[in-house]
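First up is the structure itself, then whatever we jot down about it.
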Amino acid sequence: MNREALKINLPGLELKNPVMPASGCFSFGEEFSKLYDLSELGAIMVKAATHEPRIGNRTPRVAETSSGMLNAIGLQNPGVDHILEHELKFLEQYDVPIIANVAGSEIDDYAIVADKISKAPNVKAIELNISCPNVKEGGIQFGTDPETARRLTARVKEVSDVPVYVKLSPNVTSIVDMALSVGDIADGLTMINTLVGMRLDGNGQPILSNVTGGLSGPAIKPVSLNMIYQVRQHLPHIPIIGMGGIATADDILDYISVGADAVAIGTMNFTDPMICPALIEALDERLVEMGITHLHDLKGRAYK
Amino acid sequence: MKNIMTVVAQNRIADKIHEMVLEGEITGSMKTPGQFVHVRINDTTEHVLRRPISIADIDPEHSRFTIVYRAEGEGTRKLSKLGPGDTLDILSPLGRGYPVEQNTHVLIVGGGIGVPPLYELSKQLNRKGVRTTHVLGFNSKKDVFYEEKFGALGDTHIATADGSYGTEGYVTDVIRTLDADFDCFYACGPKMMLKVLSETMDLDGYISLEERMGCGFGVCYACVCETAEGDWIKLCTEGPVFRKGEIIL
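Chains as they are written, first to last, in our numbering: chain A, -5 to 298; chain B, 18 to 266.
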């Protein structure tokens, strides 16, 4: 094992390896802690926290699509205070940095949650969720208007004790404009969130009660790779955590090749609950096989 | 939790209904009727969501168990093509099943593809000396399955919605005609059937719900349901079996 080859340092984050579960696909880790040692992970992006508890959307909330899935959970979570007292406390027993996903309906909501959650000892960074497609207010509009995204990011930066990564939505005309709007104030970017989509049943009716949902899984990997590639051309130095349909070690190498610094695993955690530790192992072996000293030796090779 | 099972046998037992017998070590941890397994269709990424399928029969002696499912969509149709020697990746056993309580005589009510988990339940109840009466509802004669298997465990009545077999109508039309003192009822089937039973049966009961699932073990929050107290809880870990009245149907 050549673990040195996988170590990565990003603002606020000392990662043992570049692999972390993506927000919403790992809850707060307790279920997965029964399957493997969470300390093996590079980091954990926990489920979105809002100021008040949220019950989310009505069911059905998920539907499978070709090599992907749609979800419209609607940010169900017990609220930031509960998360601080229970879920984040539970995670303190593990040697793993937590990236707290922060969501809200208004700028003040985001600020309250970011202020509180950034004070938790194991929260090393915030992932600003300006791109949830499944809530009626907030979320998506912050992620589609560059000016609003910039204002929100600036406000959260003011109150947060830890670095702030902005999660970009792919549901925009220009991902580059969105990235540039926050690029000089955010500590990093995570990309991409889900793509808005829908699926019908045999009677021509939408399956999801929310009508539309966020598309994730291997189907979206080409979209994500392109978006990260584009953003990287304009922002050569900003840390980027890439995600979208990662299922193999070679998928991780693709993300690094277009300029991502680290990666998150989403949907495939449902397909194979052991995927994160399996990928860390496989990535390590792949680098040895390729004779690569450090993962980042491959960074950006798609455009270099 | 994750296990590779070997297919021992697979048969079509009614229209689109398939029975698959699987063998593997994990069978030893299957104890409670009403629990389910979460089945991965194959090892490609074309189907990213597993399929929750209830356990119909447990045979710990031979490390085998049986699932019965409807091949309706693309994924389950692929499952139905597996044969002896093929392997299947499952998460198991998941969820909370039916309590097997000591009683004198209980009513077991199943609707369509909700029937399978009731078979293992009835077996375990009979093993305890509990008398079971079964009422099974289907749409049509071509959909009926497991009549003989339930018949071997206790009185079994079939209802079909179109009247092509058994009593014409719904399970409630049969239950109305039964002259017996039941201690409680156990049910699994369409939500409407569970709702009508819960509202009309003057008995304690346990019902098993169905919902589209993502992960199957409490992570994704896809399969939530609302409790009488107004909480939204996860069906995959808190259920799928609930006490009558516990969940708003």
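For each residue, glycine too, the CB sits at the ideal point set by N, CA and C.
- Straight across, the Cα-Cα distance linking B/Ile43 with A/Phe20 is about 24 Å.
- When 7 Å is used as the limit between beta carbons, B/Glu40 is near no residue of chain A, the shortest such separation being about 22 Å.
- Only those residues of the segment 47 to 64 of chain A whose C-beta falls short of 8 Å from the nearest C-beta of chain B are listed: Ile49, Gly50, Thr53, Pro54, Arg55, Val56, Ala57, Glu58, Ser60, Ser61, Gly62, Met63.
- A/Glu121 has A/Asn95, A/Tyr159 as its beta-bridge partners, per DSSP.
- Counting only runs of 4+ residues, the alpha helix (DSSP H) found wholly inside the segment 197 to 274 of chain A occupies 215 to 228, 243 to 251, 262 to 265, in chain order.
- Counting only residues of its own chain and dropping the five nearest sequence neighbours on each side, B/Asn20 has a CB closer than 8 Å to the CB of Gly41, Glu42, Ile43, Asp106, Ile107, Leu108, Ser109.
- Shown here, A/Asp75 sits in a helix according to DSSP, grouped into three states.
- The contact set of B/Glu227 on chain A, defined by CB atoms closer than 8 Å, is empty, because the minimum CB distance reaches about 11 Å.
- Classified as buried, B/His55 has 16 or more neighbouring CB atoms from the shown chains inside 10 Å of its CB.
- Rounded to the nearest whole angstrom, the C-alpha separation of A/Ala256 and A/Ile250 is 7 Å.
- Relative to the Cα of A/Asn123, the nearest Cα in the group A/Leu209, A/Thr184, A/Leu194 belongs to A/Thr184.
- Proximity to B/Val236 across B/Ile30, B/Thr61, B/Gly247, B/Glu255 peaks at B/Glu255, based on C-alpha coordinates.
- Leaving aside the five residues that flank B/Leu170 on each side, the residues in its chain whose CB is nearer than 7 Å to its CB run, in chain order, Ser139, Lys140, Asn143, Thr149.
- Not flagged as an interface residue toward chain B: A/Leu32, since no C-beta distance is shorter than 8 Å.
- Between A/Gly137 and A/Leu174, the CB-CB gap reaches or exceeds 8 Å.
- Annotation for B/Ser97: His35, Ala88 place their beta carbon closer than 6 Å to its own, counting only its chain and skipping 5 residues before and after.
- Identification of residues in the segment 162 to 180 of chain A having a C-beta nearer than 8 Å to some C-beta of chain B yields an empty set.
- As DSSP reads the structure, B/Ser71 sits in a beta bridge with B/Phe53.
- Beta-bridge partners assigned by DSSP to B/Thr150: B/Leu124.
- Look at A/Arg55 here: in three-state DSSP terms it is coil, with no helix or strand label.
- Cβ-Cβ distances below 8 Å link A/Leu194 to Pro200, Ile201 in the same chain, with the five nearest sequence neighbours on each side left out; the list follows chain order.
- Neighbours of A/Gln70 in chain B, taken as residues at a C-beta separation under 9 Å, are given in chain order as Tyr238, Val241, Trp249.
- Only those residues of the segment 263 to 281 of chain A whose C-beta falls short of 8 Å from the nearest C-beta of chain B are listed: Asn263, Phe264, Thr265, Asp266, Pro267, Met268.
- In the displayed model, B/Ser225 falls within a strand according to three-state DSSP.
- Taking the C-beta atoms as reference points, B/Ala73 is found no nearer than 8 Å to B/Pro116.
- Not a single C-beta of chain B is nearer than 8 Å to the C-beta of A/Ala37.
- Here DSSP, grouped into helix, strand and coil, assigns A/Ser168 to coil.
- CA-to-CA, the gap between A/Gly236 and B/Phe259 works out to about 41 Å.
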